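Q: Residue numbers (the working numbering): 1 to 430. Backbone N, C-alpha and C fix where the C-beta goes; we use that ideal spot for every residue, glycine too. Note that the structure is predicted; figures quoted are calculated from it, not measured. Handing you a structure now.
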Ligand SMILES: NC(=O)c1ccc[n+]([C@@H]2O[C@H](COP(=O)([O-])OP(=O)(O)OC[C@H]3O[C@@H](n4cnc5c(N)ncnc54)[C@H](O)[C@@H]3O)[C@@H](O)[C@H]2O)c1
C-alpha cells in the first residue's frame with residue numbers, strides 16, 4: 001500500500017493530510033491459506049479484497065446454503081486459478097483444512113461459536129461486527145483470543161478509513177474545543193422489512209443449521225439472505241448493525257471504554273410482525289466525562305437533514321460531523337469562521353475501507369502489532385449496542401460496571417447478558 005495524500009477541501013484553501021499512517025507492505029513472499037465462513041454479501045467483499053491484496057490463497061468456503069456456495073465458488077474461480085473446497089459445517093472445515101486465516105461473516109447470532117472454534121484451531125480471524133449477539137458471547141471471544149493468541153481483526157473498517165483517521169486527528173487537536181455531548185445516528189430505510197409470508201426453505205438451504213443456536217422460526221425469504229437484521233433472534237437491529245460502527249468512533253475519540261448508564265426507547269410500526277427489530281430507537285449513554293446519544297429511524301426521510309448518518313461531536317468551538325459518503329465537516333461556531341471539510345476515500349463496491357483493514361490485519365499477523373479494530377475495543381463498542389437493545393427490551397435504564405463487565409442491581413438484565421441456546425449448541429464459557 002502506497003502512502004497517499006488526501007485533500008481537505010476548505011473555503012480557506014487546501015490543506016493536505018496524510019491519511020494512511022504507517023501501514024507497511026505485507027510480506028509478499030508469504031501467502032496465507034484463507035477460508036470464508038458465511039459466503040454472503042459481506043463475506044465475499046472481504047474475500048475478494050483478500051485475493052486482491054496478493055496475500056492469500058482461498059482454500060475453502062463454508063455456507064449452510066448451497067446456493068450461496070455455488071455463487072461464491074464461481075466468483076473465486078473467475079478471480080483465481082484455484083477451486084476452493086466447499087463445506088456446510090464450519091467445524092468440519094476448520095478441523096480438516098486448518099486454514100491460517102478464517103474470515104467469519106455469518107449473521108450475528110452465528111459469530112461467537114465459529115470465532116471461538118477458529119481460534120481454538122489456531123487461526124487468525126477476521127470477524128464481522130457486531131462481534132456477538134449477547135454480551136457474554138463477546139466476553140467468551142475475548143477470552144478465547146487471550147487463550148489461543150490468534151490475531152483478531154473485527155470488520156470495523158471505519159477505524160482505518162482515511163477520512164475517519166484525519167477527522168479524529170482534527171478533533172483531538174482541540175479545534176472543536178471541549179466536547180461534552182456526541183450524537184450518533186442513522187436515519188434511513190436500510191433493508192426491506194421482510195414482511196413476506198413464511199415459505200418452505202429453498203432447496204440447498206439447511207435452515208436448521210442457519211438458525212443454529214438461536215430460536216428456530218419458520219423460514220421466510222425476508223430473513224435470509226441479509227434480512228436477519230430485522231429479527232431480534234438473529235441480530236440486535238440497526239443499533240448493533242450500523243450503530244456499532246459509530247459507537248466505535250465515539251470510544252476511539254473519547255478513549256473511554258464503557259458507559260455507566262444506558263437508557264433506550266423506541267418501537268416497531270407493526271407490533272404483531274415477527275420482524276421485530278425497532279423501526280425507531282433512541283439511546284442515551286452516560287459516560288464518565290460526556291453524554292452520548294444514538295438515534296435511528298425509518299420514518300421522515302432525510303431531506304430535512306444535512307447529514308443522515310454519522311456522529312456529531314458538539315464542542316465549545318463548533319460542531320464536527322463525522323460521516324460516511326459525506327466525509328467529515330467542521331462547522332465552527334465563531335461568527336464568520338469558515339467550514340472545514342474532507343471528502344471520504346472509500347472503495348467500491350459498497351463504499352468501504354476493507355483493503356486498509358486487511359493490510360492492517362496482515363501487518364498485525366506479521367509484526368505482532370495491535371490490529372486497528374482489535375477484539376477488546378470492538379467488544380466494548382458492541383457492548384454499547386447490546387446494552388441499548390437490552391434497555392429497549394426492558395423499558396428501563398441499565399447500570400453497567402464496565403471494568404467488571406457486569407450489570408448492576410438488576411437480575412433480569414443480568415440474565416440477558418447471555419441467552420438460552422437451542423440444542424445441541426452450548427453457550428460458550430468465559
Ligand atoms: N463491516 C461492515 O461494514 C459490514 C457490512 C455488511 C455486513 N456486515 C456483517 O457481515 C455479516 C454478514 O452479513 P451479510 O449482509 O453478508 O449477510 P448475508 O445473509 O448476505 O450472508 C451471511 C451468510 O452466512 C451464511 N450462514 C448462516 N449461518 C451459517 C453457518 N452456521 N455457517 C456458515 N454460513 C452460515 C448464510 O447462509 C449467508 O449466506 C453480519 O454480521 C453483518 O453485520 C458487516
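1) If the criterion is Cβ atoms closer than 8 Å, does the pair residue 151 and residue 365 meet it?
2) Closer than 7 Å: is that where the CB of residue 224 sits relative to any heavy atom of ligand 1?
3) By DSSP's criteria, residue 294 is part of a beta bridge. Which residues make up the other side?
4) Are there any heavy atoms of ligand 1 lying less than 7 Å away from the beta-carbon of residue 247, as far as the coordinates show?
5) Give a single yes or no on whether residue 351 has its beta carbon closer than 7 Å to a heavy atom of ligand 1.
6) Output yes if chain B places a C-beta closer than 8 Å to the C-beta of residue 173; else output no.
7) Taking just the CA atoms, how far does residue 214 sit from residue 222?
8) Across the region 308-322 and the region 196-214, are there enough close Cβ pairs to call them in contact, namely three or more that are closer than 8 Å?
9) Cα separation between residue 443 and residue 74?
10) Taking only three categories from DSSP, how would you classify residue 247?
11) Is residue 363 buried or exposed, if buried means 16 or more other CB atoms sit within 10 Å of its CB?
12) Using the three-state DSSP reduction, which class does residue 219 fall into: helix, strand or coil?
13) Give me the DSSP bridge partner(s) of residue 347.
14) Helix, strand or coil: how does DSSP classify residue 157 here?
15) On the CB-based measure, 16 or more other CB atoms within 10 Å of its CB, does residue 301 come out buried or exposed?
16) Tell whether a beta-carbon distance below 8 Å holds between residue 391 and residue 156.
17) Between residue 431 and residue 413, which are expected to be in contact by the criterion C-beta below 8 Å, what is the C-beta distance as a whole number of angstroms?
18) Rounded to the nearest angstrom, what separates residue 55 and residue 238 at their Cα positions?
19) Quick check: the Cα distance between residue 431 and residue 128, rounded to an integer number of angstroms?
20) Rounded to whole angstroms, what is the Cα-Cα separation between residue 285 and residue 229?
A: Looking at the atomic coordinates:
1) Looking up residue 151 in the chain shown gives position 151. Looking up residue 365 in the chain shown gives position 365. Between residue 151 and residue 365, the gap from beta carbon to beta carbon is short of 8 Å.
2) Mapped onto the chain shown, residue 224 falls at position 224. Residue 224 Cβ: within cutoff of ligand 1.
3) Stepping through the chain shown from its first residue, residue 294 is reached at position 294. Paired residue(s): 184 and 283.
4) For this step, residue 247 is matched to residue 247 along the chain shown. Answer for residue 247: no, Cβ out of range of ligand 1.
5) Taking the first residue of the chain shown as 1, we reach residue 351 at position 351. Residue 351 Cβ: outside cutoff for every heavy atom of ligand 1.
6) No chain B appears in the structure shown, which is made up of a single protein chain.
7) Working through the chain shown from its first residue, we reach residue 222 at position 222. Working through the chain shown from its first residue, we reach residue 214 at position 214. So the two alpha carbons sit approximately 17 Å from each other.
8) Touching, no.
9) Given a span of 1 to 430 for the chain in the structure shown, any question on residue 443 remains unanswerable.
10) In the chain shown, the residue the question calls residue 247 occupies position 247. In this structure, residue 247 counts as helix in the three-state DSSP scheme.
11) Indexing the chain shown from 1 puts residue 363 at position 363. Residue burial annotation: residue 363 is buried, with at least 16 other C-beta atoms found within 10 angstroms of its C-beta.
12) Position 219 of the chain shown, counted from the first residue, corresponds to residue 219. Coil at residue 219, not helix or strand.
13) In the chain shown, the residue the question calls residue 347 occupies position 347. Residue pairing from DSSP places residue 347 in a beta bridge opposite 352.
14) For the purposes of this step, residue 157 is taken as residue 157 along the chain shown, with counting starting at 1. Three-state DSSP puts residue 157 in a helix.
15) Counting from one through the chain shown, the residue named residue 301 turns up at place 301. The residue in question, residue 301, is exposed, as its Cβ has fewer than 16 Cβ neighbours within 10 Å.
16) Position 391 of the chain shown holds residue 391. Position 156 of the chain shown holds residue 156. Result no, Cβ atoms of residue 391 and residue 156 do not sit closer than 8 Å.
17) The structure shown has nothing for residue 431, since the chain only spans 1 to 430.
18) In the chain shown, counting from the first residue as 1, residue 55 sits at position 55. In the chain shown, counting from the first residue as 1, residue 238 sits at position 238. Residue 55 and residue 238: Cα-Cα distance of roughly 33 Å.
19) The structure shown has nothing for residue 431, since the chain only spans 1 to 430.
20) Start at 1 with the first residue of the chain shown, and residue 285 comes out as number 285. Start at 1 with the first residue of the chain shown, and residue 229 comes out as number 229. Inter-residue distance for residue 285 and residue 229 is about 23 Å (C-alpha atoms, whole angstroms).
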